[in-house]
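S.K.: Let me give you the structure first, and then I'll get to my questions.
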Amino acid sequence: MSDYLVIVESPAKAKTIERYLGKKYKVKASMGHVRDLPKSQMGIDIEHEYEPKYITIRGKGPVLKELKSAAKKAKKIYLAADPDREGEAIAWHLAHTLDIDITSDCRVVFNEITKDAIKDSFKHPRAINMDLVDAQQARRILDRLVGYNISPLLWKKVKKGLSAGRVQSVAVRLIIEREKEINEFEPEEYWTVNASFQKDKEQFEASLIEYNGKKVELSKEEDVKAVLTNITGNEFKITAVAKKERKRNPALPFTTSSLQQEAARKLNFRAKKTMMIAQQLYEGIDLGKEGTIGLITYMRTDSTRISETAQSEARDYIFKAFGEEYASQEKRKEKKKSNTQDAHEAIRPTSTLRKPSDIKEYLSRDQYRLYKLIWERFLASQMASAVMDTMAVDLMNSGVVFRANGSKVKFPGFMKVYVEGSDDQVEEKENMLPDMQEGETAYSKDIESKQHYTQPPPRYTEARLVKTLEELGIGRPSTYAPTLDTIQKRGYVALENKRFIPTELGEIVLELILEFFPEIIDVEFTAKMETSLDNIEDGQVQWVKVIDDFYKGFEGNLKKAEAEMKEVEIKDEPAGEDCEVCGSEMVYKMGRYGKFMACSNFPECRNTKPIIKHVGVECPKCKEGNIVERKSKKKRTFYGCDRFPGCDFVSWDKPIARKCPKCEHLLVEKKQKNGMQVVCTNCDYKEETQG
């Protein structure tokens, strides 16, 4: 018989914690929530202060039976679910099911699963925080009221399987409005002028910036000619030399949002995958002789705060690994936003001393890559700023001024470990300039003008959309990954080249919600609702009042929608070919994994086939088939012969419709960090990288 029973959510977490607590403690897993609202009905008594009707989740009977049996044998029960609203609600439901007094010291919380953190948390148990529980309940009830009222309407008026939610609807709106911006965008012409200069046998580049003391605006080729015709000869006088020292600060440690963004940029991870792997690292990994250890702190957080202990350990490590000058000498202020909950620390390794290379053998490839990213980001955040030597030189000829900019790293600081990625993939490169003084002369070698056109705003990537939702105050750390997953599963948006594009279905649903439920999709309203949920957590407002204030307006809109919303017929787009089974027209359909072709004679004929994208290249192996785009089981794009399995030619790189000028073999487009490069599959022929 164990003296104490500890209940957590997952078996992995249970296994890790049990090691630290000793023989008197038995640790069991609830496998997440044990109670929830019923799926078959609303489950909310609107007439009696929105009282929720909770039932045992189907399939949880055996788990609860085991927990009740263990609870009867224990002197004391501790509830150790995750340290957030969801975890507090799980603890509350368990207390209700196991007849535990919620005002007793039954709740323990910890931000990291390490021996010291676990031991310390059991020295300071507390009662269940009902403000946290109420905040979670309010979100759950709000989402149920919205989803279970609007979704049946959409099923009836549009098609089955649709849903609507506060956060997901705003996310779809952002994607659709961005697409509209792109479609309505009118490019404007502009020109740039760059010149190659030489001074003392050293060459450097400079750009045209002004003429006769005014900034040049080159909107057409005539503007370029009007300026350049004033240049006489190739001798330019150096009129200004500015040398400065510039500091570059490291990025702050990860929050949930910034981790999802950076994992997308650097590791090509989807938000859902990032959170799944982070959960594994948090709950514990078996490190051989060391046993199972939690490698990172809790991964659902909007704070960049770091504990004094973690800072001190990182500082000691930096001293020993890099030298005293690499440790930060200043305490950097964390960026606190008005809607930051700050309940937990930033995401960091539980110990800086646990280097990624030291534990690589115990981690899967993806676990290692994500842990390395978190470890490097945290370590860099505690390091000294980088110092850059910059130089700007102005060169003049007849009032025409070119400017050359140069920089070099004087002291790398944090850059020795990690540099934050960018959505725009702009890398800061060193650009050395020759030593120059005012009054000296340099000579232009070549002056080149280029025509450009302004570009529309980019489509949202997962990283960019998460960043935008966070900036607008929409959703919270725990909601981003499931939101992005839901809008794709429902067929409202699709991912094309890692960027979101809206579907016709998404546009139809958005139009209906905008017409009948404008507050659901209003960015400001949704952000205010998140603030209200935060206020419930802080004990400033009662959850019933927040729900009631929302429902009063929502109920009226609902009645109007039920009476006035018209049925929408979504016509299938013809695929341009006939069904080989029954001869009917094939049409495009939208499924969970994107578009596919199906017979228009469904359900009499159930023939379906994938959409084949030809790349316009003859198969180099069999010379009979053509190369088509295909998808692997993991949805990775590759290229193969359309005669498969008759011909087994495959390539991860996209073949192009030209042959190598050197050896007449196949040319392919190969992805590089800074764009695409055309290379030969047989010889060393390469073409310049295209951005």
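With the first letter of the sequence shown counted as 1, position 213 gets the number 847 in my numbering; the numbers rise by one all the way through.
We put the beta carbon where it would ideally sit given N, CA and C, even for glycine.
Treat the numbers as computed from the prediction; the structure is a model and nothing was measured.
Could you give the residue range of the alpha helix (DSSP H) that holds GLU681?
M.R.: It is not in any alpha helix (DSSP H) - GLU681 carries neither H nor E in the DSSP assignment.
S.K.: On the three-state DSSP scale, how would you describe TYR688?
M.R.: Here TYR688 sits in coil by DSSP.
S.K.: How far does the alpha helix (DSSP H) with GLU942 in it extend, from its first residue to its last?
M.R.: 942-956
S.K.: Report the rounded CA-to-CA distance for GLN975 versus ALA725, giving the unit in angstroms.
M.R.: Per-residue confidence for GLN975 stands at a pLDDT of 46, beneath the threshold of 50, marking its modelled position as unreliable; the derived number appears in the next sentence. Rounded to whole angstroms, GLN975 to ALA725 spans 20 Å at the Cα level.
S.K.: If you draw a straight line from the C-alpha of ALA829 to the C-alpha of ASP936, how long is it?
M.R.: 47 Å
S.K.: How is the alpha helix (DSSP H) around PRO1208 delimited, first residue to last?
M.R.: Note, PRO1208: premise wrong, no alpha helix (DSSP H); beta strand (DSSP E) at 1207-1212.
S.K.: Nearest CA to the CA of ARG807: which residue from LYS1123, SER962, LEU1099?
M.R.: Looking at the Cα atoms, LEU1099 is the closest of the given residues.
S.K.: For THR908, count neighbouring C-beta atoms within 10 Å of its own C-beta (all shown protein chains included) and say buried if the count is 16 or more, exposed if not.
M.R.: buried
S.K.: For ARG934, collect the residues of the same chain with a Cβ closer than 7 Å to its Cβ; drop the 5 residues on either side in sequence, then sort them by chain order.
M.R.: ASP718, THR890, PRO1111, SER1112
S.K.: Use the C-beta contact count for HIS978: other C-beta atoms within 10 angstroms, 16 or more gives buried, fewer gives exposed.
M.R.: buried
S.K.: Please return the same chain residues whose Cβ sits closer than 7 Å to the Cβ of ILE775, not counting the five positions on each side in sequence.
M.R.: Answer for ILE775: ILE678, TYR684, PRO686, ILE1181, listed in chain order.
S.K.: Taking its Cβ as the centre, do 16 or more other Cβ atoms sit within 10 Å of GLU1130, making it buried, or is it exposed?
M.R.: By the 10 Å Cβ count, GLU1130 comes out exposed.
S.K.: Should ALA912 be labelled buried (16 or more other beta-carbon atoms within 10 Å of its own) or exposed?
M.R.: buried
S.K.: What three-state label does DSSP hand ARG988 in the structure shown?
M.R.: coil
S.K.: Measuring only the C-alpha atoms, how far is LEU1029 from ALA1076?
M.R.: Each residue's alpha carbon lies about 8 Å from the other.
S.K.: Mind pulling the alpha helix (DSSP H) runs of 4 or more residues that sit fully within the stretch 988-1052?
M.R.: Taking 4 residues as the shortest admissible run, the stretch 988-1052 contains the following complete alpha helix (DSSP H) segments, listed from N- to C-terminal end: 990-993, 999-1015.
S.K.: For GLY1274, which beta-bridge partners are listed by DSSP?
M.R.: VAL1262, VAL1284
S.K.: According to DSSP, SER575 sits in a beta bridge with which residue or residues?
M.R.: The structure shown does not extend to residue 575, since the chain spans only 635 to 1325, so no value can be given for it.
S.K.: Do ILE736 and ILE762 come within 7 Å of each other at the CB atom, strictly closer than that value?
M.R.: The answer is yes: Cβ separation under 7 Å.
S.K.: Return the CA-CA distance between ALA1331 and ARG773, expressed in angstroms with no decimal places.
M.R.: Examination of residue 1331 is not possible in this model, given that the chain is present from 635 through 1325 alone.
S.K.: Looking at the strands, I want to know which residues DSSP matches up with ASP670.
M.R.: Answer by DSSP bridge pairing, in chain order: ILE689.
S.K.: DSSP beta-bridge partners for PHE1230?
M.R.: As computed with DSSP, PHE1230 is found in a beta bridge with LYS1223.
S.K.: So, with DSSP's three-state summary, where would you put MET933?
M.R.: coil
S.K.: Spell out a yes or no on whether the stretch 869-889 and the stretch 842-857 are touching, meaning 3 or more CB-CB pairs, one atom from each, closer than 8 Å.
M.R.: no
S.K.: Span of the alpha helix (DSSP H) holding HIS730?
M.R.: 719-731
S.K.: Have a look at PRO666 and LYS647 and give me their C-alpha separation to the nearest angstrom.
M.R.: In the sequence as displayed, the identity of residue 666 is Gly instead of Pro. Rounded to whole angstroms, GLY666 to LYS647 spans 11 Å at the Cα level.
S.K.: So for ASP1183, helix, strand or coil by DSSP?
M.R.: helix
S.K.: Could you tell me the distance, in whole angstroms, from the CA atom of MET1066 to the CA atom of LYS1042?
M.R.: Those two C-alpha atoms are separated by around 6 Å.
S.K.: Go through its chain and collect everything with a Cβ distance to GLU1258's Cβ below 7 Å, but skip five positions before and after it.
M.R.: ARG1277
S.K.: Quick one: what's got a C-beta closer than 8 Å to LYS662's C-beta in the same chain, skipping five residues either side?
M.R.: LEU639, VAL640, ILE641, VAL642, ALA648, GLU700, LEU701, ALA704
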